[in-house]
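Chains as they are written, first to last, in numbering that gives the first Met the number 0: chain A, 0 to 207; chain B, 0 to 154; chain C, 0 to 387.
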Amino acid sequence: MQGFLLGLANGTTCLTFCAPVLVPFLLEEGKNVRQNLMTVLKFLGGRLGGYMLFGLLAWATGSLLLRTTSYQGLVIGAAYVGLSALLLVAVLRKKAPAGACAFEGARATFSRWPALIPLGMGFLAGLKVCPPLLLAFTDAASTGTLIGSLFVFLMFFVGTSIYFIPLSFLGAFAHVSDLRIVGKFAAVIVALYYLFSGVLLFTGGVRL
Amino acid sequence: MMKILKAICGYTLAVLGVPLVLIGIMGPSYGLGELFISATGLTLSPWFDGGEVVQTIDHGTYQTHVHRMVFDALIGERKEGFVQVDWVPLDALPARVDEEIEADGDGQADFRVEVDTANKESTLTPYASWVLELEGTYKPEGSLMVRVRLRNPSR
Amino acid sequence: MTASTKTRTGSPPMAIWKALLLSLPMFLITALLPLQALESGELSYIVAILVMWLGFNVAFILMLTTGQTYRYRSVLFILLAVALPLWFIPMMIETHGSMMLSEEAFVSAEANFCPLATFMVIVPALVKRIVIFPSALAGGLGFATAAFMWAGSTLALGRGWCSWGCLFGGWDELFSRLRKRAVIKNIDRRWIYLPFGLLLAIVLLSAVTLSPIYCEWLCPFKIVTEFQAPTSLLAIIQIITFVVLFFALVVVLPLLTRRRIQCGLFCPFGALQSLLNKINIFEVRIDPEKCNQCKRCIRECPTFSLNEGSLESGNPLITCTKCARCIDICTKNAISFHIKGTSLQASPAVARVLYLYPGFVLLFFISSANVGAALHRIVKLITTGSMI
């Protein structure tokens with residue numbers, strides 16, 4: 000559930016990064032709603048692939064690092080504190096970082112297979128490291144099982160993807176700026192929750 | 000025609016405003032609240048009511064109720080939870096309650112708890128590694144209660 | 000401007016005989032309360048309820064005869080909020096010995112279910128059929144009572160709940176009306192999205208943690224109702240948080256801005272009601288042809304629900320609480336209540352009366368549990384020297 004929480008609360012940030020490039024791509028292709036939906040679904044499919052790779056990495060990290068230490072609470076707590084601080088910075092910054100959506104990279108890589116561009120774009124976007132992804136990574140690493148880790152990222156993917164479906168219906172794009180501000184506020188609150196959880200874990204679960 | 004129908008619907012729903020408010024305010028006084036709860040099957044979260052009683056031990060003048068272990072999450076289970084034990088009725092309890100409790104249904108005692116009935120001072124002796132600590136001792140009306148923090152043995 | 004040339008604002012006033020005739024159903028509906036009070040046999044309670052019943056119905060008649068909604072609604076709404084602690088806190092002392100809830104109260108589900116907690120319980124109730132609030136499920140001030148009240152008033156009024164039924168909004172409104180001029184006039188409009196961000200985050204966090212996060216950490220109104228006793232450092236931090244939030248969002252900022260800051264820029268329950276405004280049959284509409292773009296309504300709207308786009312489109316934002324402030328201050332009478340589905344030229348007077356009825360009935364009956372009970376406590380104080 001925490002993966003879904005992170006995805007849902009931070010999905011608008013993902014949308015902010017990707018919509019400005021995905022939407023013109025949809026527009027320049029001159030497609031109808033069904034074709035736009037297929038493009039968005041390919042993009043999301045690619046992202047899911049990227050996230051599953053992360054899920055695998057998170058399980059491996061958890062197995063190698065967390066299970067071998069008796070300071071699990073300390074490590075996860077410190078990760079939560081650091082990453083939530085990063086998330087706050089990321090949310091409050093005014094501009095999206097350059098190349099945040101990996102569009103040009105995907106276009107160049109898949110130029111001979113245009114149908115794969117959205118898929119490739121999605122996969123590369125899914126590999127883009129950002130604070131909510133790292134928080135999900137920490138959660139996934141602490142689950143202890145491969146299935147658990149993959150499930151966290153699956154739920155993270157579901158949470159972020161909800162915001163992308165309306166892109167198929169470009170009229171909904173008009174409300175993206177509203178959704179973006181709502182998402183920023185939600186992301187700040189979720190970040191504060193992780194900061195607080197991290198402090199509690201780091202202090203060894205001090206009985207407050 | 001459509002315009003007239005829409006207007007009729009609009010005015011009808013507007014007039015229904017008062018009955019809706021009255022049902023909302025007064026309905027529970029006429030049993031609609033209980034009906035709603037039984038029809039929906041809603042229950043209080045086990046994190047608040049301790050979950051169902053799975054074991055009752057009769058000591059003659061008083062009883063021990065052992066609730067199920069609570070690890071409920073929205074989906075699946077959490078890594079940590081608690082088990083609640085009640086002793087009822089409060090006025091029939093001895094000055095000190097000392098009991099071994101079996102929480103996970105395997106027939107073997109998992110912890111021992113000693114409680115001073117008057118001042119709620121308690122001691123926990125874990126027998127299983129997943130029994131962590133005493134979360135709290137309470138005296139809600141008519142009973143004595145302890146909650147013991149547990150690590151989920153199945154995770 | 001002389002009295003004879005003064006521009007009339009608000010809805011058209013009504014002749015007294017017409018107002019009395021239209022008020023007759025209101026007399027009868029609200030008479031349910033004094034009739035119930037008579038059965039109690041307690042004189043102080045009967046007197047309190049009768050005073051309340053008369054006062055509210057006089058206010059309703061004045062609303063109709065003067066054509067002014069906001070000023071009378073506002074007074075009653077503030078009264079509702081101020082009355083709540085006057086009976087609730089003595090009641091808590093009677094039943095629990097203190098307005099603070101002990102740990103026993105939480106483990107035995109003795110807290111009172113607040114309607115504002117509704118938005119947090121929806122997801123766990125749908126997914127696991129559990130109520131994540133430590134109160135009784137039915138009876139008294141339990142979950143079902145609040146759920147019914149919320150459902151009925153939301154279907155009838157949408158976000159009108161926030162100006163006609165909310166137990167706490169009157170505090171915000173009180174402080175927003177104390178100063179004649181605002182000290183802080185320019186507020187970044189992006190803050191109106193905070194309640195929606197809070198709604199999203201709190202719904203998710205409450206679902207993940209299976210606990211009412213807003214109640215535990217962010218509700219400023221625990222200061223006038225009940226809160227967890229400071230038996231731990233965590234509880235102390237929570238107490239400090241809600242005290243700071245109350246003074247910041249409910250007292251200081253409304254004083255300085257002359258706006259309902261807590262209601263308009265913070266309350267996630269209000270955000271939920273805003274989303275549900277879409278299914279409500281009543282709305283406020285602006286006639287762009289009559290509007291002279293003076294923008295006074297934008298400056299005066301207590302919940303930031305009007306902007307320049309509203310004047311062009313004729314619709315306030317979904318956050319409109321239907322408090323009628325804009326209707327009553329518009330010098331061109333360009334703003335009015337409207338029933339969806341009816342013609343834009345349909346009589347605004349009819350729409351107004353049809354809206355005032357459920358709004359006022361809600362205000363009256365919720366006040367009955369507060370103003371009536373508070374008056375009873377005051378009468379007790381006068382006659383016996385104690386409110387307990």
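Just so you know, even glycine gets a beta-carbon here, dropped at the ideal spot from N, CA and C.
Would you kindly check if the distance between the Cβ of residue j and the Cβ of residue i is under 8 Å?
| i | j | result |
| --- | --- | --- |
| Phe195(C) | Lys221(C) | no |
| Val52(B) | Phe110(B) | no |
| Tyr79(A) | Tyr193(A) | yes |
| Val69(B) | Ser142(B) | no |
| Gly263(C) | Thr318(C) | yes |
| Ala110(C) | Glu33(B) | no |
| Val378(C) | Val46(C) | yes |
| Leu7(A) | Ile188(A) | no |
| Pro33(C) | Leu49(C) | yes |
| Ser162(C) | Phe268(C) | no |
| Thr68(C) | Ile326(C) | yes |
| Gly158(A) | Gly10(A) | yes |
| Val54(C) | Gly9(C) | Here the sequence assigns Gly to residue 54(C), which means Val is not the residue at that position. Not in contact: Gly54(C) and Gly9(C) (Cβ atoms no closer than 8 Å). |
| Pro130(A) | Leu91(A) | no |
| Thr116(B) | Pro93(B) | yes |
| Asn234(B) | Arg67(B) | Within the shown structure, residues of chain B are numbered from 0 to 154, placing residue 234(B) beyond reach of any answer. |
| Gly308(C) | Gly23(B) | no |
| Ile129(C) | Thr42(B) | yes |
| Ser148(A) | Gly54(A) | yes |
| Ala373(C) | Leu85(C) | yes |
| Phe281(C) | Ala13(B) | yes |
| Met25(C) | Phe59(C) | yes |
What whole-angstrom Cβ distance do residue i and residue j have, given they're in contact under 8 Å?
| i | j | result |
| --- | --- | --- |
| Gly121(A) | Phe3(A) | With a Cβ gap of about 19 Å, Gly121(A) and Phe3(A) do not count as contacting. |
| Leu353(C) | Gly164(C) | Going by Cβ atoms, the distance from Leu353(C) to Gly164(C) rounds to 17 Å, so no, they are not a contact pair. |
| Ser175(C) | Pro12(C) | Going by Cβ atoms, the distance from Ser175(C) to Pro12(C) rounds to 26 Å, so no, they are not a contact pair. |
| Leu73(B) | Lys127(C) | 7 Å |
| Glu98(B) | Val82(B) | No, Glu98(B) and Val82(B) are not in contact; Cβ-Cβ is about 13 Å, not under 8 Å. |
| Ala57(A) | Ala139(A) | 4 Å |
| Asp171(C) | Gln35(C) | Incorrect: roughly 31 Å between the Cβ atoms, too far for contact. |
| Gly141(C) | Phe105(C) | 15 Å between Cβ atoms; not a contact. |
| Val202(C) | Met119(C) | 7 Å |
Mind checking who residue i pairs with in its DSSP beta bridge?
| i | result |
| --- | --- |
| Gln62(B) | Asp57(B), Val87(B) |
| Leu123(B) | Val112(B) |
| Ile100(B) | Phe110(B) |
| Asp71(B) | Glu76(B) |
| Ile337(C) | Reading off the sequence, residue 337(C) comes out as His, not Ile. The partner list for His337(C) (beta bridge, DSSP) reads Glu282(C). |
| Gly49(A) | Answer by DSSP bridge pairing: none, since Gly49(A) is not bridged. |
| Arg148(B) | Phe81(B), Glu132(B) |
| Thr383(C) | Note: Thr383(C) sits in no beta bridge, so no partner. |
| Met13(C) | In the DSSP output, where bridge partners are listed per residue, Met13(C) has none listed. |
| Ser134(C) | Ala110(C) |
| Leu143(B) | Trp86(B) |
| Phe226(C) | Met99(C) |
Identify which residue in the options has its Cα closest to the Cα of residue i.
| i | options | result |
| --- | --- | --- |
| Lys331(C) | Ala36(C), Ala145(C), Cys296(C) | Cys296(C) |
| Asn276(C) | Lys321(C), Thr383(C), Thr208(C), Gly340(C) | Lys321(C) |
| Lys339(C) | Leu156(C), Leu310(C), Glu288(C), Asn291(C) | Leu156(C) |
| Leu64(A) | Gly119(A), Thr137(A), Leu126(A), Thr38(A) | Thr137(A) |
| Ala116(C) | Glu172(C), Ile212(C), Gly169(C) | Ile212(C) |
| Arg72(C) | Arg324(C), Ile260(C), Leu199(C) | Arg324(C) |
| Glu103(C) | Leu83(C), Glu288(C), Phe226(C) | Phe226(C) |
| Arg376(C) | Phe118(C), Ser335(C), Met386(C) | Met386(C) |
| Gly371(C) | Ser22(C), Leu23(C), Thr29(C) | Thr29(C) |
| Thr63(B) | Asn118(B), Gln107(B), Ala102(B), Gly75(B) | Ala102(B) |
| Leu200(A) | Val128(A), Val39(A), Ile75(A), Leu36(A) | Ile75(A) |
| Ala348(C) | Val283(C), Asn291(C), Met51(C), Gly159(C) | Val283(C) |
Can you confirm whether residue i, when its beta carbon is compared against all beta carbons of chain F, has any partner nearer than 8 Å?
| i | result |
| --- | --- |
| Arg284(C) | Although the question refers to chain F, the structure presented lacks it and instead comprises the protein chains A, B and C. |
At a cut-off of 7 Å, would you count residue i as near the ligand ZN, judging by its Cβ distance to the nearest heavy atom?
| i | result |
| --- | --- |
| Lys127(C) | Within the structure as shown, the ligand ZN is missing, as the structure has no ligands at all. |
Exercise for review: Anything in the stretch 185-197 of chain A with a Cβ closer than 7 Å to a Cβ of chain C? List those residues in chain order, please.
Suggested key: Cβ contacts with chain C come from Ala185, Ile188, Val189, Tyr192.
Practice item. Give the residues from the stretch 167-185 of chain C that approach chain B closer than 9 Å (Cβ to any Cβ), ordered along the chain. Key: Of all residues in the stretch 167-185 of chain C, none has a Cβ within less than 9 Å of some Cβ in chain B.
Point to revise | Members of the stretch 102-126 of chain B near chain C, C-beta cut-off 8 Å | key: Within the stretch 102-126 of chain B, contact with chain C at the beta-carbon level (separation under 8 Å) is assigned to no residue.
Exercise for review: Check distances from the C-beta atoms of the stretch 20-49 of chain C to those of chain B and list, in chain order, the residues that come in under 9 Å.
Suggested key: Going along the stretch 20-49 of chain C in chain order, one finds Pro24, Ile28, Leu31 with a Cβ nearer than 9 Å to chain B.
Check your understanding: What are the residues of the stretch 47-59 of chain B that lie near chain C, defined by any Cβ-Cβ distance shorter than 8 Å?
Key -> Listed by position along the chain: Phe47, Asp48, Gly49.
Practice item. Check distances from the C-beta atoms of the stretch 230-251 of chain C to those of chain B and list, in chain order, the residues that come in under 8 Å. Key: From the stretch 230-251 of chain C, no residue has a Cβ closer than 8 Å to chain B.
Check your understanding: Taking a cut of 7 Å between CB atoms, which residues from the stretch 128-140 of chain C lie near chain B?
Key -> Cβ contacts with chain B: Arg128, Ile129, Val130, Ile131, Pro133, Leu136, Ala137, Gly138.
Practice item. Anything in the stretch 56-68 of chain C with a Cβ closer than 8 Å to a Cβ of chain B? List those residues in chain order, please. Key: Listed by position, the residues of the stretch 56-68 of chain C near chain B (Cβ gap below 8 Å) amount to none.
Point to revise | Residues from the stretch 184-199 of chain C in contact with chain A, defined by Cβ distance under 8 Å | key: Those would be Arg189, Tyr192, Leu193, Phe195, Gly196, Leu197, Leu199, in chain order.
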